[in-house]
Each structure stands twice: as structure tokens, then as C-alpha cells.
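In our numbering, the protein residues as written are -4 to 91.
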């Protein structure tokens, strides 16, 4: 049995990881667990912890300062961050 298919898959997983795709997105597309993706990336010597300054919010990576600004705007309107939606953000931007 050849390891070629897994080698190709592992290379693609590493390429996607280095492109800053999430472990979950890579895992979902390959029908494997996030932990398995992490193991493959670690074995290739590419594992690095993601910087804590970037936060994913509504599917977009935001700097901590941006997230805090959004939190302040939500607080002004009596909303929690979890209640913010793209529609609410659009309305907030139109007001300012």
C-alpha cells in the first residue's frame, strides 16, 4: 500500500495551514479531526501558535483593537457581542 495519497493530502493540509486557514476548515474538507490536522502539521515541523492579537468574529479575523471598538459600540446600544449580526453592524456603520 502506497503512502502517496496521504502524502499529497498532508502537503495540501500543510499548505492550507500556512495560508492561515483554520484547523476546523481544513479538517472538515478532509473528513478528519482538528487534532489530526494538528498532528500532520506538527509532524511537518510547521506548527505554530496563532497570534492572540487576531480574533475571529463573524468569520473575519480582527485585530484586538477592532474587536474592542465593536464591543464598545455594542455596549452603547445595550447589546452583547454575541447578538451582533452583519445586519446590526451595517446599521451601526450607517449611524456613524
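Glycine included, every Cβ here is placed at the ideal spot set by N, Cα and C. In this text the structure is predicted, and so the values were computed from the model without any measurement.
Checking the sheet assignment: what are the DSSP bridge partners for residue 83?
DSSP, once it has assigned bridges, lists no residue as partnering residue 83.
Under a Cβ-count criterion, where at least 16 other Cβ atoms within 10 Å of its own Cβ denotes burial, should residue 8 be classed as buried or exposed?
Buried, because 16 or more other Cβ atoms sit within 10 Å of the Cβ of residue 8.
In three-state DSSP terms, what is residue 6?
Residue 6 falls in the helix class under three-state DSSP.
Excluding the five sequence neighbours on either side, which residues of its own chain have a C-beta within less than 7 Å of the C-beta of residue 13, listed in chain order?
Result list for residue 13: 41, in chain order.
Taking the C-alpha atoms as reference points, what is the distance between residue -4 and residue 69?
With a pLDDT of 45 at residue -4, under the threshold of 50, the modelled position of that residue is not reliable, and the figure given next carries that caveat. Taking the straight line from one Cα to the other gives about 56 Å.
Going by DSSP in three states, residue 58 sits in which element: helix, strand or coil?
Strand.
Compute the distance between the beta-carbons of residue 11 and residue 19, then report whether it is under 8 Å.
Inclusion of residue 11 and residue 19 in the CB contact set at 8 Å is not warranted, their separation being larger than that value.
Which residue's Cα is closest to the Cα of residue 34: 90, 59 and 6?
Among 90, 59 and 6, the Cα nearest to that of residue 34 is on 6.
Less than 8 Å between the CB atoms is what I'm expecting for residue 22 and residue 32, so what's the real figure, rounded?
Contact between residue 22 and residue 32 holds: CB atoms are separated by about 5 Å, below the 8 Å threshold.
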